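Peer 1: Mind looking over this structure? Questions follow.
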């Protein structure tokens, strides 16, 4: 089983103290002379081709025993809830030179003595000139393993993420969203159609709204529609737009998707024809709560609006994401 908890450590100090006490360690980015915004606690760097940057992140061990952490660097990506996250995902086609190509770790594992302080060191090499931004995060993870009395290995993983944003200039880029694909699938074991779009420019797209309508081609009847608000997209990243079928079975046929992606400054409209094959109906066997008697002429409308504190998970507030993951692993 996997449980994920995100907690912004830029919030109230009392909440931060509780998180640090529970986890047993904390981190802090040591801002360099190339920092653009001194009032934030993540790396926001103005870099130059041919000039290397040397970054440090302090790791504070709050426990009376040694602490070992693993360190990774991930590119920014966009998850299904319209949040910018830092996870190991396949880069989008438009992300030609990702931030992970520009950063090297001095060490990917660090041991900090009891109640002591350690330092993670990173080198940033500007490979080539670029406009816009490159965005990613340094993922610092602690892993503990304890065995319960039933012979099950309980693995608790704690991690912080500190964002790194690089830029060379303030030249604006031309915002652009492209349509990639659409097809049926299950989302949390429920029937849906997923459309994938891509932010093909090196900029964060903010305050996005998405409106999608799915029609049967032959009857021109509306099958379902979905609305999202307050989405963000990471630079040069894809996003999967889930369109719930509201427990309606996936049915073979020809469909038309009409989708609009917009914010205060831009509007992108897409219309795509696609087919669901009979073989795709096998997906229904894995679905839960499928309404087999659903009337195909019934107009179904669903509203999916995602707000929440997690919507600020982007470069402007990701100086200390606390990630808690709990996994159960069978003892070998």
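In the numbering used here, the protein residues as written are 749 to 1080. Idealized CB from N, CA, C, for every residue including glycine. Note that this is a predicted model, so its numbers are computed, not measured.
1) With a Cβ-Cβ cutoff of 8 Å, do residue 881 and residue 941 count as a contact?
2) With a cut-off of 8 Å on the beta carbons, I'd call residue 960 and residue 973 a contact; round off their distance for me.
3) From residue 930 to residue 848, what does the alpha carbon distance come to, in whole angstroms?
4) To the nearest angstrom, report how far apart residue 857 and residue 963 are at their CA atoms.
5) Compare the C-alpha of residue 852 against each of 816, 838 and 801 and name the closest.
6) Among residues of its own chain, excluding the 5 on either side of residue 1010, which ones have a beta-carbon nearer than 6 Å to its beta-carbon?
7) By the three-class DSSP mapping on this structure, what secondary structure does residue 1032 have?
8) Should residue 924 and residue 949 be called a contact, given that it needs their Cβ atoms to be closer than 8 Å?
9) Tell me the DSSP bridge mates of residue 873?
10) Within a Cβ cutoff of 8 Å, which residues of the same chain sit near residue 1003, ignoring the five residues on either side of it in sequence?
11) Within the same chain, show all residues whose beta-carbon is closer than 7 Å to that of residue 1035, passing over the 5 residues directly before and after it, in chain order.
12) For residue 1000 versus residue 955, is the C-beta spacing smaller than 8 Å?
13) Roughly how many angstroms lie between the CA atoms of residue 888 and residue 988, to the nearest whole one?
14) What would DSSP say about residue 1026, mapped onto helix, strand or coil?
15) What residue range is occupied by the uninterrupted beta strand (DSSP E) comprising residue 824?
16) Might you give, ordered along the chain, the residues of its own chain that have their beta carbon closer than 6 Å to the beta carbon of residue 846, omitting 5 neighbours on each side?
17) Going by other Cβ atoms of all chains shown within 10 Å of its Cβ, with 16 needed for buried, is residue 981 buried or exposed?
18) Would you say residue 793 and residue 786 are within 8 Å of each other, going by their C-beta atoms?
19) Just grab the DSSP bridge partners of residue 850 for me.
20) Quick one: residues in its chain with C-beta nearer than 6 Å to the C-beta of residue 837, no 5 flanking neighbours on either side, listed in chain order?
21) My assumption, with CB atoms under 8 Å, is that residue 855 sits in contact with residue 814. Please give the rounded CB distance.
22) Would the C-beta of residue 917 count as close to the ligand MN, meaning under 7 Å from any of its heavy atoms?
23) State the start and end residues of the unbroken beta strand (DSSP E) segment that holds residue 960.
24) Taking residue 783 as the reference, give the member of 892, 796 and 920 with the closest Cα.
25) Comparing alpha-carbon positions, which option in 1032, 816 and 1008 lies nearest residue 994?
26) Using three-state DSSP, classify residue 795 as helix, strand or coil.
27) Given that a residue counts as buried once 16 or more other Cβ atoms are within 10 Å of its Cβ, and exposed if not, what is residue 789?
Peer 2: A quick look at the data gives this:
1) Their beta carbons are not under 8 Å apart, which means residue 881 does not touch residue 941 by this criterion.
2) Confirmed, about 6 Å.
3) When rounded, the distance between both Cα atoms is 29 Å.
4) Going from the Cα of residue 857 to the Cα of residue 963 covers about 52 Å.
5) Selected option, being the one with the closest Cα: 801.
6) These residues qualify, in order along the chain: 957.
7) If DSSP states are grouped into helix, strand and coil, residue 1032 belongs with the helices.
8) In contact: residue 924 and residue 949 (Cβ atoms closer than 8 Å).
9) In DSSP, residue 873 forms a bridge with 800.
10) So the qualifying residues of the chain are 941, 962, 963, 964, 965, 971, 1021, 1022, 1023 and 1024.
11) Residues of the same chain with a CB within less than 7 Å of the CB of residue 1035, apart from the 5 flanking positions on each side, are 934, 937, 938 and 939 in chain order.
12) Between residue 1000 and residue 955, the C-beta gap is not smaller than 8 Å, which leaves the two residues out of contact.
13) Cα to Cα, the separation comes out at about 27 Å.
14) Here residue 1026 carries a helix assignment [DSSP, helix/strand/coil].
15) Per DSSP, residue 824 belongs to the beta strand (DSSP E) from 815-826.
16) The beta carbon of residue 846 is closer than 6 Å to those of 823 and 839 in its chain, skipping five residues each way along the sequence.
17) Residue 981 should be labelled buried.
18) Result no, Cβ atoms of residue 793 and residue 786 do not sit closer than 8 Å.
19) The secondary-structure analysis by DSSP pairs residue 850 with nothing; it has no beta-bridge partner.
20) Contacts found: 825.
21) Approximately 15 Å separates the beta-carbon atoms of residue 855 and residue 814; this is outside 8 Å, ruling out the contact.
22) You won't find the ligand MN in this model; it holds no ligand whatsoever.
23) It spans 953-964 - the beta strand (DSSP E) in which residue 960 sits, taken as one unbroken run.
24) Per the Cα distances, 796.
25) Check the Cα spacing between residue 994 and each of 1032, 816 and 1008: the tightest is with 1032.
26) Coil at residue 795, not helix or strand.
27) With a threshold of 16 other beta carbon atoms within 10 Å, residue 789 meets it and is buried.
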